[in-house]
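Colleague: Each residue of the sequence shown is one higher than the last, beginning at 279 in this note's numbering. C-beta atoms are modelled at their ideal positions from N, C-alpha and C, and glycine is treated no differently.
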Amino acid sequence: MAATLKLLKPVKYQAFCSPFTYIATQSMAFWKMENSTQHGGQNLPEHSSFCHPARKVKNTGSTTLSQRVFTTSSALLGLEFNKASTIKASRLHPGSSSSIKLNEEDVEVFDSFEGTRVFLKLRPEYQLHSYNRSETRQPLSVSDGELILHKVTVYQNDLQPEVITNYFCKLSSLPVEQHSILLSSARFALLCQLSVKNIQLFDTPNLISILKAFVDLRIPHSSSMVDVYETRFCHQVWEMSLDQLLLVADLWRNLGRRVPRFLEIFFSYLNLHWKDLSLSQLIHLIYIIGENRQVPQDLMQKLESLILKYIDLINLEEVGTICLGFFKSSSGLSEFVMRKIGDLACADMQHLSSHALVHILKMFRFTHIDHVTFMRQFGEIAPQRIPSLGVQGVMHLTLACSALRTLDEGVMNAVAASLPARVAHCRSKDIAKILWSFGTLNYKPPNTEEFYSSLMNEMYRKMPEFNQYPEHLLTCLLGLAFSEYFPTEFISVALSPEFVRLAQERSKFELSKELYTLDGTVGIECPDYRGSRLNSDLQQEVSSKLWNLARRDMRAKPEFLEALYLLETMLGGPQYIKHHMILPHTRSSDLEVQLDAYMKPLPFNSEVTPAEDVAELRFKHVGVSLTDDLMNQLLKGKAKEYSLGETETGQSPMELEKKATIPLVGSACNVTSDRSGAGPCPLAHMQPPLVKLAIQLTNKNQYCYGSRDLLGLHSMKRRQLIRIGYRVVELTYWEWLPLLKRTRLEKLAYLHEKVFTSAL
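(1) Using 10 angstroms around the beta-carbon of histidine 750, count the other beta-carbons present and answer buried if the total reaches 16, otherwise exposed.
(2) What's the C-alpha gap between serine 814 and proline 862?
(3) Which residue wins for smallest C-alpha separation from phenylalanine 604, given the options Lys580, Val886, Tyr876, Cys470?
(4) State buried or exposed for lysine 970, treating a residue as buried only when at least 16 other CB atoms are found within 10 Å of its CB.
(5) By the 10 Å Cβ neighbour count, where 16 or more other Cβ atoms means buried, how is threonine 684 classified, buried or exposed?
(6) By the 10 Å Cβ neighbour count, where 16 or more other Cβ atoms means buried, how is arginine 784 classified, buried or exposed?
(7) Among residues of its own chain, excluding the 5 on either side of glutamate 736, which ones have a beta-carbon nearer than 8 Å to its beta-carbon?
(8) Rounded to whole angstroms, how far is the Cβ of leucine 975 from the Cβ of tyrosine 981, which I believe are closer than 8 Å?
(9) Go ahead and pull the three-state DSSP assignment for arginine 1005.
(10) Can you tell me whether phenylalanine 614 is buried or exposed? The criterion is at least 16 other CB atoms within 10 Å of its CB, across all chains shown.
(11) Can you name the start and end residues of the beta strand (DSSP E) that glutamate 870 belongs to?
(12) CB leucine 622 to CB isoleucine 592, shorter than 9 Å?
(13) Identify the continuous beta strand (DSSP E) that holds alanine 972 and give its terminal residues.
(14) What separation, rounded to the nearest whole angstrom, lies between the Cα atoms of leucine 541 and leucine 602?
(15) So what does DSSP say about histidine 646, is it helix, strand or coil?
(16) What is the DSSP secondary structure of leucine 524, reduced to helix, strand or coil?
(17) Do leucine 839 and isoleucine 855 come within 9 Å of each other at the CB atom, strictly closer than that value?
(18) Give me the Cβ distance between lysine 978 and tyrosine 1011, rounded to the nearest whole Å; I'm assuming they're in contact under 8 Å.
(19) Would cysteine 679 and glutamine 655 qualify as a contact pair, given that the criterion is a beta-carbon distance under 9 Å?
(20) Measuring CB to CB, does leucine 520 end up less than 9 Å from aspartate 554?
(21) Which residues does DSSP list as the beta-bridge partners of histidine 858?
(22) Rounded to a whole number of angstroms, what is the C-alpha to C-alpha distance between glutamate 596 and proline 498?
(23) Taking the alpha-carbon positions, what's the leucine 758 to valine 778 distance?
(24) Identify every run of the alpha helix (DSSP H) within the region 535–563, keeping only runs that are complete inside it and at least 4 residues long; order them along the chain.
(25) Determine the direct distance from the alpha carbon of leucine 1018 to that of phenylalanine 882, and round the result to whole angstroms.
(26) With a threshold of 16 other CB atoms inside 10 Å of the CB of histidine 646, please say whether the residue is buried or exposed.
(27) Please tell me whether glutamate 508 and valine 474 are closer than 9 Å, where the distance is taken between their beta carbons.
(28) What is the DSSP secondary structure of leucine 827, counted as helix, strand or coil?
(29) Is methionine 741 buried or exposed, if buried means 16 or more other CB atoms sit within 10 Å of its CB?
(30) Roughly how many angstroms lie between the CA atoms of aspartate 797 and aspartate 987, to the nearest whole one?
(31) Closest to proline 836 by CA distance: which of Leu1015, Leu550, Leu968, Leu682 is it?
(32) Once DSSP output is grouped into helix, strand and coil, what is the label at leucine 780?
(33) Suppose contacts are defined by Cβ-Cβ distances below 9 Å. Is arginine 531 in contact with isoleucine 477 by that definition?
(34) Which same chain residues end up closer than 7 Å to alanine 1008 when comparing Cβ atoms and leaving out the 5 residues on each side of it in sequence?
(35) Alpha carbon to alpha carbon, what distance is there between glycine 598 and glutamate 687?
(36) Buried or exposed: where does leucine 479 fall if 16 or more other Cβ atoms within 10 Å of its Cβ makes it buried?
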């Protein structure tokens, strides 16, 4: 969270003595004391009485806990409620009002805890199963708190569960500045011990009330006492109502504790009772699932059916909550539901909060559903909202556009104009995703130099974060490479053996492909680069993996197999064409064809032709013989003409096919020789190839949505192929796929024009 944290000044006690101020060393010793059943009990530490530090009150009795309590948690008393740890927990607690001072005018300040709970204020029903931190209660005075703690020490052996619960509830109403002092109190520690000792006697309402007190007092969620309570709640799941279960899950969320065991049992309960969920319960449950990042997928499918049941009653903020919960739990929504959600948002997008808009976009990004109307309206309202949205929100909007391949220049220009002035608020992740998004969409805004220089300058300041999250540095550099920016200092760091080892050991992602792509790109586009490079073993390992993936992927596509077969037929056999990765680091394969000076294909593919046969093949005329009329026809033709039944000369495809099967005297080789004045055809074949073609069979995912503009990686690949001497031939999906339904001759004519016209 890019927020401004301002720690509160320490509370000063000048004219009075707090009744909860005790000798620190004694309090710490008390919380760390050994099992009293094993050591014969231990007296409570002496404490200072109100306004008389020298007076000491004798403990009225020793504390003896039953053996049963300690079998529940062997480290039960390891709470360590010293003042320092308590203050630290308060600072780290999500949404702690005592640790964060929000500046409402600063758009970068966003409480990620409270901000995602706005929906809980939209219906009164949410109060039945959620915790409201701002709920007003009768405050407890310091003197009354002192009296309660005194009763704990005096009547400790006679306190009933209801009384213990009541004491917790009242003490949680003390002024906030007294909480850390209370948690350092030995008498409060005794109250906690008594609650654990009697935990089997508490009913569900009492347990929930004590858990609420834990939340109010900011008790450290990692303490062993809290472990005991989690275990007890696990045993109570099947005895609780849906409202109670949701409330307990919400309290654990407020306490900042992950409770996978409790949720696992809760989800088992829900598998039997999911049809009983009301609308508010459903939305709240999805929120809890998202915040805890765990859920059985079969349960999410059931919840999706409930979403459809209540879809007409759900408001826009609740739609945002649904999307965020499914997104965080990595759970997909069907295309039908996503289109329903998109329709709801489109109906009143002007009144959709910016954060709900971000959450919905996250889910569209996750499911890759294209909702044209939603994206169009988003493009209309986003530029005006971007300046008032924090950089994290801006990052998510930008990333969604790139993931959905949607290039909206208005949105991208607004992002580029907004970021330079507040780039200091960006995390390394924000910089990485924004650079990646602009690079992926292959778009440079009007303020390109200012935009990129500000982000690259901020990268220097984020080096400590890149060491912690190495994947972010690689994402930055690949995004920059797509846009033809190559900061060599960063590249040398990223490809250094130390960083490569760090990336492989520390990151939760497999980064070898990213490292390989960056290394291969630098090798081609930065000829003067003298920095670090990947070792050959890693290059070979990744190259083999990528080739296996690419080969399996392309061999499963009928349109590719058809193109390969027809090209082999047209050129004269498999030895004249090769399916491989010319640039392995670009992660996609190519069909390579080589032509000599007479524009005749060369049999260069030795993988399908024995080496001793290659020389013989060089002297043979191969390929489809063509007439002069057919050659002129092909050279004039356009892709769109191949869908016509008649050609410009009025000849039908059948007539052309008959002519194509009749060998032309002297062959096409002689025709070319006569035009060029060169020597005999066989001599030309002894020379190296004049033209090397890289034939690309494209698909729609390589282009921006609804356009013919290549995305960053694929544009970079074409750029690099040209750099190393290839001519790129595009068999575009909008031309080739419709031809699959046409005649064989039409396909051959199209391929012939693509191959030989490109070579001219």
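Modeller: If we stick to the structure as given:
(1) As a working mapping, residue 750 is identified with position 472 in the sequence shown. Buried is the call here.
(2) The residue you call residue 814 lines up with position 536 of the sequence shown. The residue you call residue 862 lines up with position 584 of the sequence shown. Cα-Cα distance, rounded: 14 Å.
(3) Counting from 1 along the sequence shown, the entry for residue 604 is found at position 326. Closest by alpha carbon: Lys580.
(4) Counting from one through the sequence shown, the residue named residue 970 turns up at place 692. With 16 or more Cβ atoms within 10 Å of its Cβ, lysine 970 is classed as buried.
(5) In the sequence shown, counting from the first residue as 1, residue 684 sits at position 406. Threonine 684 is buried by the Cβ-count criterion.
(6) Numbered from its first residue, the sequence shown carries residue 784 at position 506. Exposed, since its Cβ has fewer than 16 Cβ neighbours within 10 Å.
(7) For the purposes of this step, residue 736 is taken as the residue at position 458 of the sequence shown. Val701, Ala702, Cys704, Ile709, listed in sequence order.
(8) By 1-based counting over the sequence shown, the position of residue 975 is 697. By 1-based counting over the sequence shown, the position of residue 981 is 703. Rounded, the Cβ-Cβ distance is 13 Å, inconsistent with contact.
(9) Counting from one through the sequence shown, the residue named residue 1005 turns up at place 727. Correct three-state label for arginine 1005: strand.
(10) On the sequence shown, residue 614 is found 336 positions in, with the first residue counted as 1. So phenylalanine 614 counts as exposed.
(11) The residue given as residue 870 occupies position 592 in the sequence shown. Where glutamate 870 is concerned, the enclosing beta strand (DSSP E) stretches over 868–873.
(12) Taking the sequence shown and counting its residues from 1, the one referred to as residue 622 is at position 344. Taking the sequence shown and counting its residues from 1, the one referred to as residue 592 is at position 314. The answer is yes: Cβ separation under 9 Å.
(13) Your numbering for residue 972 matches position 694 in the sequence shown. Residues 969–975.
(14) Within the sequence shown, numbered from 1, the residue matching residue 541 stands at position 263. Within the sequence shown, numbered from 1, the residue matching residue 602 stands at position 324. For leucine 541 and leucine 602, the gap between their C-alpha atoms comes out near 19 Å.
(15) The residue given as residue 646 occupies position 368 in the sequence shown. Correct three-state label for histidine 646: coil.
(16) Translated into positions along the sequence shown, residue 524 becomes position 246. Reduced to three states, the DSSP call for leucine 524 is helix.
(17) One-based indexing of the sequence shown puts residue 855 at position 577. One-based indexing of the sequence shown puts residue 839 at position 561. Taking 9 Å as the Cβ cut-off, isoleucine 855 and leucine 839 do not qualify as a contacting pair.
(18) Start at 1 with the first residue of the sequence shown, and residue 978 comes out as number 700. Start at 1 with the first residue of the sequence shown, and residue 1011 comes out as number 733. 6 Å between Cβ atoms; contact.
(19) Position 401 of the sequence shown, counted from the start, is the residue given in the question as residue 679. Position 377 of the sequence shown, counted from the start, is the residue given in the question as residue 655. Against a cut-off of 9 Å, the Cβ pair of glutamine 655 and cysteine 679 comes out as no contact.
(20) Locating residue 520 in the sequence shown gives position 242, counting from the first residue. Locating residue 554 in the sequence shown gives position 276, counting from the first residue. Cβ atoms of leucine 520 and aspartate 554: closer than 9 Å.
(21) Here residue 858 refers to the residue found at position 580 when the sequence shown is read from its first residue. Paired residue(s): Asp868.
(22) Locating residue 596 in the sequence shown gives position 318, counting from the first residue. Locating residue 498 in the sequence shown gives position 220, counting from the first residue. Each residue's CA atom was taken as its position, placing glutamate 596 and proline 498 some 31 Å apart.
(23) Looking up residue 758 in the sequence shown gives position 480. Looking up residue 778 in the sequence shown gives position 500. If you take the alpha carbons of leucine 758 and valine 778, they lie about 19 Å apart.
(24) 538–551
(25) Sequence index remark: in the sequence shown, residue 882 carries index 604 (1-based). Sequence index remark: in the sequence shown, residue 1018 carries index 740 (1-based). Roughly 28 Å separates the two Cα atoms.
(26) Within the sequence shown, residue 646 is the residue found at index 368, counting from 1. With fewer than 16 Cβ atoms within 10 Å of its Cβ, histidine 646 is classed as exposed.
(27) Position 230 of the sequence shown holds residue 508. Position 196 of the sequence shown holds residue 474. Cβ distance not < 9 Å, so glutamate 508 and valine 474 don't count as in contact.
(28) Translated into the one-based positions of the sequence shown, residue 827 becomes position 549. Three-state result, leucine 827: helix.
(29) In the sequence shown, the residue the question calls residue 741 occupies position 463. Label assigned to methionine 741: exposed.
(30) Residue numbering aside, residue 797 sits at position 519 when the sequence shown is read from its first letter. Residue numbering aside, residue 987 sits at position 709 when the sequence shown is read from its first letter. So the two alpha carbons sit approximately 25 Å from each other.
(31) The residue you call residue 836 lines up with position 558 of the sequence shown. Minimum Cα distance to proline 836 is reached at Leu1015.
(32) Within the sequence shown, the letter at position 502 stands for residue 780. Note: leucine 780 maps to helix in three-state DSSP.
(33) What you label residue 531 is simply residue 253 of the sequence shown in a count that begins at 1. What you label residue 477 is simply residue 199 of the sequence shown in a count that begins at 1. Their beta carbons are not under 9 Å apart, which means arginine 531 does not touch isoleucine 477 by this criterion.
(34) Residue numbering aside, residue 1008 sits at position 730 when the sequence shown is read from its first letter. A quick correction: the sequence has glutamate, not alanine, at residue 1008. The residues are Gln974, Thr976.
(35) Here residue 687 refers to the residue found at position 409 of the sequence shown. Here residue 598 refers to the residue found at position 320 of the sequence shown. Cα to Cα, glutamate 687 sits roughly 25 Å from glycine 598.
(36) As a first step, residue 479 must be located in the sequence shown, where it is residue number 201. With fewer than 16 neighbouring CB atoms inside 10 Å of its own CB, leucine 479 falls in the exposed class.
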